[in-house]
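Reviewing the structure listed below.
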Amino acid sequence: MPELRELLDREAAGARPSPDAYPRTMRRARRIAIRRRIGAGAIALAVFAGLAGSLWFAVRSRNETPGPTRSNTPSTPAPPASWESGPSAEDSAAALAELPVGWTRLAPPPMVRARAASVWTGSELFYWGGDTGFGGTHHGDGAMYDPVKDAWRELPPAPLSGRSSPAAVWTGSEVIVWGGYDGSGLADGAAFDPATGMWRSLPPAPIPSRVPVAVVWTGSELIVWGNMDRAAETLDGAAYDPVSNSWRAIADAPSAMNLGDAAWTGREMIVVGAQLDGNNASETDYAVGLAYDPSEDAWRVLPEHPVSPQSSSIAWLGRKLFVWDYVPRGAVYDPPRDAWRSLTPMPLDPSECYARTAVAEGVALAWYCGQGAEFFSASEAWRRMPTPPGDVYGDPVGTGPVVLFAGAAHESVANGLFAYRPRPDP
Amino acid sequence: MRPVREEPLAFEVFFEAEYGRLLKVLYLITGSRVEAEDLAQEAMARALERWGRVSTMERPGGYVYRTALNLNRKRLRHLSVAARRLGKVLGREEPSLEERTEVRMALDSLPRPMREAIVLIEWLGLDAAEAGRLLGIRPGSVRSRVSRARSALRERMGEGDA
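Sequences listed follow chains Z and Y, in order.
Numbered according to my numbering, the first sequence spans residues 1462 to 1887.
Numbered according to my numbering, the second sequence spans residues 25 to 186.
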């Protein structure tokens, strides 16, 4: 038999590109973008946010002076000249509860951003940072959305440099912002008090700069763990206590992840994800599940279950962990039994999309390139979400009655704020 | 995450450099020029839609090849084997049995996983580690599939020469 390569060469010679291959490819790309915006609502898959629904991390504060130096002393910028506190949690909840079931278009953010921190404070949406120009420019400003007025107001200047994908959590009284990316990883953070309109810088964390893989608020500590840098194999993490204004390093995890999602169960931080290389290939066949118990400062490994390492998302539903991946397929994990159970097929069209999740009224919304599916915990039934009314970008954020989507993908793509109110359990 | 490249790669440059080879790989794997072109354009379009991220990868080509191979696998899950052989899927035309070369028939006789592995190794010139990353399998599995594919092809085409 002649050289195999030679034979394959002769066979391959018959496949010549059509003359219009490039314009046809461009038209397909536009259709994909349109499907994401209109038919399916895309999410900026620059995911390196990679974590479905949990790309928001707390960030430590940092001095305003440029450069790598930072102060170990928390700085407290002067209170803004005029800052009005926002609506009460009760008024906000009532306003959101009046929104119709399904999609509602709300007032868009005053700044066009991708990969901004988007956090629900219990009464307003805190929206800060992000980038424009395909990640070329990183911003350090933001705004807060008042659902009672359906209006935004700009945030006071933060003692932080511009960044995208910072960790951000609501503690019950402050939004903590930490880390993120501005061309390289960042390691400082700050806390914002919506009641006073004041920022304060956080002390330095005992871990290097990063966009963390896992970020949770435990009720008393912010935990940040892992590193989304594809070149890193990070096992370490840290926990910040806002009451003592101090950090502690947490135990190293049994394995590294640079893509994943995290949830707090009330007792453990569960992280599901994988360690991927530059070609998006995983070291493991399936995503790895890890659980960290802060009271023991110890990790355990979850049993294996077929979850894609390339993209998965999780959410805690009170008694079970809801997990789904981009295949797409879903499962639930029961921590007391340490057991998995696969779910019925998801009503989503397969696509090369990153998974994102948010919870509203006990319903988990699985968000997938503008497509969505509602998962009802009690019945474990699925229902496909209706098509959004416009260009939906931004990671989904659960507020209680609705899920909010704020943001834009890339610079010139439509910027907006949408609310989705789940339908009752069928 | 740190980008690997200092300057973003222009998509047009990338397309010109990679499209032809991608098309040939997909043709060798699928046996259909039409399907290969469809897969190649879809994979490139998806890469373009995410170009801000893909362009900064060390190997943007790897992303496109993985996307194309995954698309093909998903496509095959929706097609019946009989419909593909008869060329009736989506009204596309397949070469008639008389037009199919001996190499084509030999490739078609291989299971898809072996066909993918032999094309990536023998024609595209990847090593087992690189091919394994595209296929999502270990290098050892790549080598095993390639070895079996070579034996099968040798047996099939050696029969023709007898």
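Using N, Cα and C, we set each Cβ at its ideal position, and we do this for glycine too.
These numbers were taken from a predicted model, which means no experiment stands behind them.
Spatial distance of residue i from residue j (CA atoms)
i	j	result
L1878 of chain Z	R128 of chain Y	53 angstroms
G1855 of chain Z	A1875 of chain Z	11 angstroms
A1867 of chain Z	L1586 of chain Z	9 angstroms
E1765 of chain Z	G1687 of chain Z	20 angstroms
A1712 of chain Z	T1695 of chain Z	12 angstroms
W1700 of chain Z	S1645 of chain Z	Strictly speaking, residue 1700 of chain Z in this sequence is Ala, with Trp absent from that position. Between A1700 of chain Z and S1645 of chain Z, the C-alpha separation is close to 22 angstroms.
E1615 of chain Z	M1605 of chain Z	6 angstroms
R169 of chain Y	G156 of chain Y	11 angstroms
A1575 of chain Z	A1869 of chain Z	5 angstroms
T125 of chain Y	G1750 of chain Z	49 angstroms
D1607 of chain Z	S1584 of chain Z	7 angstroms
Q1771 of chain Z	A130 of chain Y	33 angstroms
K48 of chain Y	S56 of chain Y	10 angstroms
A1476 of chain Z	V78 of chain Y	26 angstroms
A1473 of chain Z	T1486 of chain Z	21 angstroms
G1596 of chain Z	W1801 of chain Z	38 angstroms
P1664 of chain Z	K1781 of chain Z	35 angstroms
Residue i at chain Y interface by Cβ criterion, 8 angstroms
i	result
S1479 of chain Z	yes
T1805 of chain Z	no
P1734 of chain Z	Pro is not the amino acid found at residue 1734 of chain Z; the sequence shown has Gly there. Not an interface residue.
D1643 of chain Z	no
R1790 of chain Z	no
D1738 of chain Z	yes
P1811 of chain Z	yes
Y1483 of chain Z	yes
A1839 of chain Z	no
E1765 of chain Z	no
S1536 of chain Z	The pLDDT assigned to S1536 of chain Z is 48, lower than 50, so where the model puts this residue is not dependable, and the model offers no usable value.
G1831 of chain Z	no
G1590 of chain Z	no
L1976 of chain Z	Given that chain Z is displayed from residue 1462 to residue 1887, the structure contains no residue 1976 of chain Z and the question cannot be resolved.
L1489 of chain Z	The residue you asked about is not Leu; residue 1489 of chain Z is Arg in the sequence shown. Yes - at least one Cβ of chain Y is within 8 angstroms of the one on R1489 of chain Z.
T1486 of chain Z	yes
G1623 of chain Z	no
N1741 of chain Z	yes
G1596 of chain Z	yes
Classification of residue i by the beta-carbon crowding that lies within 10 angstroms, buried from 16 upward
i	result
L110 of chain Y	Its pLDDT being 46, under 50, L110 of chain Y is placed unreliably by the model, and the measurement read from it follows with that caveat. Per the 10 Å Cβ criterion, exposed.
S1756 of chain Z	exposed
G1547 of chain Z	buried
D1481 of chain Z	exposed
E40 of chain Y	exposed
R70 of chain Y	buried
D1795 of chain Z	exposed
E154 of chain Y	buried
G1779 of chain Z	exposed
Segment limits, beta strand (DSSP E) that includes residue i
i	result
V1615 of chain Z	The sequence as given places Glu at residue 1615 of chain Z; Val does not occur at that position. Its beta strand (DSSP E) spans residues A1612 to E1615.
M1730 of chain Z	M1730 to A1735
V1580 of chain Z	A1578 to W1581
S1716 of chain Z	No beta strand (DSSP E) contains S1716 of chain Z, which DSSP labels as neither H nor E.
T1565 of chain Z	G1563 to L1567
A1827 of chain Z	V1824 to Y1829
A1819 of chain Z	R1817 to A1821
8 angstroms Cβ cutoff, residue i in contact with chain Z
i	result
A60 of chain Y	yes
M68 of chain Y	yes
G164 of chain Y	no
L63 of chain Y	no
V204 of chain Y	A query on residue 204 of chain Y cannot be resolved here, the shown segment of chain Y reaching from 25 to 186 and no further.
G111 of chain Y	Annotation note: pLDDT 43 at G111 of chain Y (below 50); position unreliable, coordinate value reported separately. Chain Z, which has no Cβ nearer than 8 angstroms to the Cβ of G111 of chain Y, makes this no.
L52 of chain Y	yes
L172 of chain Y	Inspection of the sequence shows that residue 172 of chain Y is occupied by Arg rather than by Leu. Chain Z contact via Cβ: absent.
E140 of chain Y	no
M81 of chain Y	yes
R90 of chain Y	yes
V127 of chain Y	yes
Bounding residues of the alpha helix (DSSP H) (the contiguous stretch that carries residue i)
i	result
E1757 of chain Z	Neither: E1757 of chain Z is in no alpha helix (DSSP H) and is coded neither H nor E.
R142 of chain Y	The amino acid at residue 142 of chain Y is misidentified as Arg; the sequence shows Ile. It spans R136 to I142 - the alpha helix (DSSP H) in which I142 of chain Y sits, taken as one unbroken run.
E66 of chain Y	R57 to E73
P1667 of chain Z	Element bounds for P1667 of chain Z: n/a, residue is neither H nor E.
S1553 of chain Z	A1550 to A1558
Y51 of chain Y	F35 to T54
E126 of chain Y	E126 to D132
Closest Cα partner of residue i within the set the options
i	options	result
I1495 of chain Z	Z:P1715, Z:V1762, Z:P1857 and Z:D1852	Z:D1852
P1620 of chain Z	Z:V1609, Z:V1704 and Z:I1637	Z:I1637
V1677 of chain Z	Z:A1629, Z:L1826 and Z:G1833	Z:A1629
A1839 of chain Z	Z:L1865, Z:L1804, Z:V1858 and Z:G1603	Z:L1804
L1560 of chain Z	Z:W1843, Z:P1703, Z:V1863 and Z:E1729	Z:V1863
S175 of chain Y	Y:E82, Y:L46, Y:M138 and Y:N96	Y:M138
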